[in-house]
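Encoded as structure tokens, the structure appears first; notes follow it.
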Amino acid sequence: QLVVMLAGERTHQTMKRKRTTISIDGTSNHAGVVRPEFLSFTLDWWADTEPGWDGDASILRIDLSNPRLIHAAAALAPSFLRIGGWESDRVVYLLEDDATPWQRSYCAENPDFCLTMERWQEVLTFAERIGARVVFCLAYLLYIEKETRDWDGSNARAFLEYTATNSPPGLLYGIELGNEPLHRDRSSNVTRHVLAYTQVREYIDAIWSGELEPYRPKLMGPSTTGVSKNSFGQFLEYQEFCDAIDVATYHDYRCGTGRNENLAAEAIHPNAFRPHNKLSHAAKLVEAGLTRNGAE
């Protein structure tokens, strides 16, 4: 499958167009191969009063039945719908039958960061309808009490158990733990975070076993900002981390954040993919780190 992206220069709200002939030498080696889901999208968690974002920007408030949204998202199929973002570390998963008094109290005080299973089912239905598989970022920072104790994964495990038995097999493609944990000193104890990743690995293997094993979601991480030695590299130094994960992930804001007013134009401009050696360098760092620790 060949994908060719062409972009023109936008000037005074008009696009200059000209006929272009592209010649491809099919005998040379290709630079790389991307998955069909390469072009995907994300939905984050936002408080209703979050400055700079509309009230319906959050995964909890966006109208998932909107025909325009459904048609636009379905046009990207097959795709990944990642549910994460900066505030994903503040979310409680409210399972009514197993909710603790603390969880109920937290949800009453923080409704913007409380995922009910009713809403979760709406999200899963939406993803299935548009031909997307879900990548979900579990909360980490909320459950370590400002790094005074190890991660409490009980709420995460209950949520994963619910998902395994109440969603179409294979719809949940991947699981992350914590969003950009080292960014702006949100967290500093990488050892504790790695230990939490090994817990999630155990949860996944235990929950998606037997007949569910072929649909076992992939564990992804560490979801750091970039691939520097001081962020991504710290996790790769741990054998336990490399043994636990299936996919190495990091974040690269090539066109800025979602608040960039020129995001749509910049995303289709060739400069978004330059310099090419930066992408290549990042891939080599990932490969080297995982290979050094025996992971595939």
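Reading the sequence shown from the start, the letters are residues 3 to 298 in this note's numbering. In this text, a Cβ means the ideal position worked out from N, Cα and C, and glycines have one as well.
- Assignment of D46 by DSSP, reduced to helix, strand and coil, places it in the strand class.
- Going by beta carbons, W104 and N181 fall outside the 8 Å limit.
- Q241 and T22 have their C-alpha atoms some 50 Å from each other.
- Straight through space, the alpha carbons of P80 and V93 are spaced by roughly 27 Å.
- Annotation for L66: E124 and F128 place their beta carbon closer than 6 Å to its own, counting only its chain and skipping 5 residues before and after.
- Across the structure, L265 and N273 are spaced so that their CA atoms are roughly 12 Å apart.
- The three-state secondary structure of V137, taken from DSSP, is strand.
- In the three-state reduction of the DSSP assignment, F40 falls in the coil class, being assigned neither a helical nor a strand state.
- Assignment of beta-bridge partners to H253 by DSSP yields T227.
- R84 and R63 have their C-alpha atoms some 16 Å from each other.
- In terms of Cα proximity to P183, the closest of D207, S156 and F237 is F237.
- In the DSSP annotation of this structure, the continuous segment of the alpha helix (DSSP H) that includes I72 starts and ends at P69 to A76.
- Rounded to whole angstroms, the gap between the alpha carbons of P113 and R121 is 12 Å.
- Nearest neighbour of D152 by Cα position, chosen from N262, T200, A77 and E39, turns out to be T200.
- The Cβ atoms of S225 and C139 lie closer than 8 Å to each other.
- Distance from the Cα of R194 is smallest, within the candidate group S90, G86 and I146, for I146.
- By the beta-carbon neighbour count (other beta carbons within 10 angstroms, threshold 16), I270 is exposed.
- In this structure, A141 is the residue among R131, A141 and A77 with its C-alpha nearest to the C-alpha of L96.
- Per DSSP, G235 is not a residue of any beta strand (DSSP E); the alpha helix (DSSP H) it occupies stretches across F234 to L238.
- The bridge partners DSSP lists for R84 are T44 and V137.
- Taking C-beta atoms under 8 Å as the contact rule, E163 and I209 qualify, at a distance of about 6 Å.
- Annotation for V35: no alpha helix (DSSP H) segment contains it, and DSSP assigns it neither H nor E.
- In the structure shown, E215 adopts helical secondary structure according to DSSP, grouped into three states.
- The beta carbons of R159 and Y205 sit about 5 Å from each other, so the pair counts as a contact at 8 Å.
- Under the three-state reduction of DSSP, I177 is assigned to strand.
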